Amino acid sequence: MNENNQNPLGSLDEWEDDLLVRYPEESTPKAKEEYRNYDDPARDTVKEFYRLNHTYQTFDFVQEKRAEFLKLDRREMGLWDAVEFLNTLIDDSDPDIDLDQTQHLLQTSEAIRADGHPDWFVLTGFLHDLGKVLCLFGEPQWAVVGDTFPVGCKYSDRIVYPEFFAANPDYNNPLYQTTYGIYDEHCGLDNVLMSWGHDEYIYHVMKDYLPEEGLYMLRYHSFYAQHREGAYDHLMNEHDHELFKWVKIFNKYDLYTKSPVRPDVKKLRPYYEDLAAKYLPDTIKF
Ligand SMILES: [Fe+2]
Ligand SMILES: [Fe+2]
6 MNENNQNPLG SLDEWEDDLL VRYPEESTPK AKEEYRNYDD PARDTVKEFY
56 RLNHTYQTFD FVQEKRAEFL KLDRREMGLW DAVEFLNTLI DDSDPDIDLD
106 QTQHLLQTSE AIRADGHPDW FVLTGFLHDL GKVLCLFGEP QWAVVGDTFP
156 VGCKYSDRIV YPEFFAANPD YNNPLYQTTY GIYDEHCGLD NVLMSWGHDE
206 YIYHVMKDYL PEEGLYMLRY HSFYAQHREG AYDHLMNEHD HELFKWVKIF
256 NKYDLYTKSP VRPDVKKLRP YYEDLAAKYL PDTIKF
């Protein structure tokens, strides 16, 4: 790779802010204005981020990263230690909402709790972005965040900036560029390899501990081409469709709960420590 800047985003939040521009919350049209009003330079960094993501997320790259990280032999941390570790990822480039990672997690999970959802759903909201610790393990932004998509088959033009896939070596591999590629029709997403990032990683970290609905939320929350665009119905099976109902419910909490009002971390901590004690082991392997 001869790219100079592997991390064009000022912060990981720039990707999520861009999602809000792409998928504004219809019910409150004003919400969009409360977030950063993207000027061209900001949009350029997001575009450059996607260029890198679409260029380098090849089928082989995904296999390499799975072999490298899914051994989960990097760190063992309790839930709260993991949250504090993630928070060492400093984001300070957002002019309007300068929230740290813990606050995004708590705003997501507290909104889920306020709506009376089951406690495992609240916990899922609280830990859904812990996979971003990949950045702290030295991974570039384009291998941690961004919309995810299947590799090993044709890229949908409903993925954001599809034109950048032309630079991906897989684009010229005829095996990977038919509708089904290496997969079978309706084979189910469990048989489909997704681009590598914080979703697949945190799914593997948590896969023994949460109900399947929560695991789907973790694993596919950035798969906008499916949960928002329905672009990969041909790979989904009935079971995926059932569980994507939950992924869609979760997405609203992930995207539309950002607020300048900071949750009281100290006051909330005991509740989340209790949830962790109920569902998770004392230390979790990352
Ligand atoms: Fe996420
Ligand atoms: Fe999130």
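Just so you know, my numbering puts 176 at position 171 of the sequence shown, and the rest follows in order with no gaps.
C-beta: ideal position from N, C-alpha, C; glycine also.
Remember, predicted model here, so these are calculated numbers, not experimental data.
- Under the DSSP assignment, residue 217 falls in the alpha helix (DSSP H) whose first and last residues are 217–225.
- Pairing residue 69 with residue 28, the inter-Cα distance amounts to about 32 Å.
- Boundaries for residue 288: no alpha helix (DSSP H) harbours it, and the DSSP string shows neither H nor E there.
- Under DSSP, residue 82 takes part in a beta bridge, and its partners are 289.
- When distances are taken from the beta-carbon of residue 264 to the heavy atoms of ligand 1, even the shortest one reaches 7 Å or more.
- Residue nearest to residue 167 within the set 62, 280, 10, 274 is 62 (criterion: CA-CA distance).
- The stretch 253–260 makes contact with the stretch 112–119: 3 or more CB pairs, one atom from each, lie closer than 8 Å.
- In the DSSP assignment, residue 127 falls within the alpha helix (DSSP H) that extends over 124–132.
- With a 10 Å radius around the Cβ and a threshold of 16 neighbouring Cβ atoms, residue 95 comes out exposed.
- One Cα belongs to residue 64, the other to residue 205, and the distance between them is close to 14 Å.
- DSSP, read as helix, strand or coil, puts residue 145 in coil.
- Burial state of residue 48 is exposed, judged by a 10 Å Cβ sphere holding fewer than 16 other Cβ atoms.
- In the DSSP assignment, residue 211 falls within the alpha helix (DSSP H) that extends over 203–211.
- Its chain contains 237 as the residues whose beta carbon lies nearer than 6 Å to that of residue 231, once the 5 sequence neighbours on both sides are disregarded; these appear in chain order.
- By the 16-neighbour rule on beta-carbons within 10 angstroms, residue 142 is exposed.
- Three or more beta-carbon pairs drawn from the stretch 210–228 and the stretch 126–133 are found closer than 8 Å, and the two stretches are therefore classed as touching.
- In the displayed model, residue 268 falls within coil according to three-state DSSP, outside both helix and strand.
- For residue 28, there is no enclosing alpha helix (DSSP H), as DSSP marks it with neither H nor E.
- Partner residues in a beta bridge of residue 241, as assigned by DSSP, do not exist.
- Only exposed fits residue 85, as fewer than 16 other CB atoms lie within 10 angstroms of its CB.
- Classified as exposed, residue 288 has fewer than 16 neighbouring CB atoms from the shown chains inside 10 Å of its CB.
- Closest in alpha carbon position to residue 267, among 164, 173, 105, is 105.
- DSSP places residue 155 in the strand class (E or B) of the three-state scheme.
- DSSP places residue 229 in the uninterrupted alpha helix (DSSP H) bounded by 229–232.
- The C-beta separation of residue 14 from residue 146 comes to about 5 Å, placing the pair in contact by the 8 Å criterion.
- Cβ neighbours of residue 163 within its own chain (closer than 7 Å, five residues either side excluded): 230, 234, 236.
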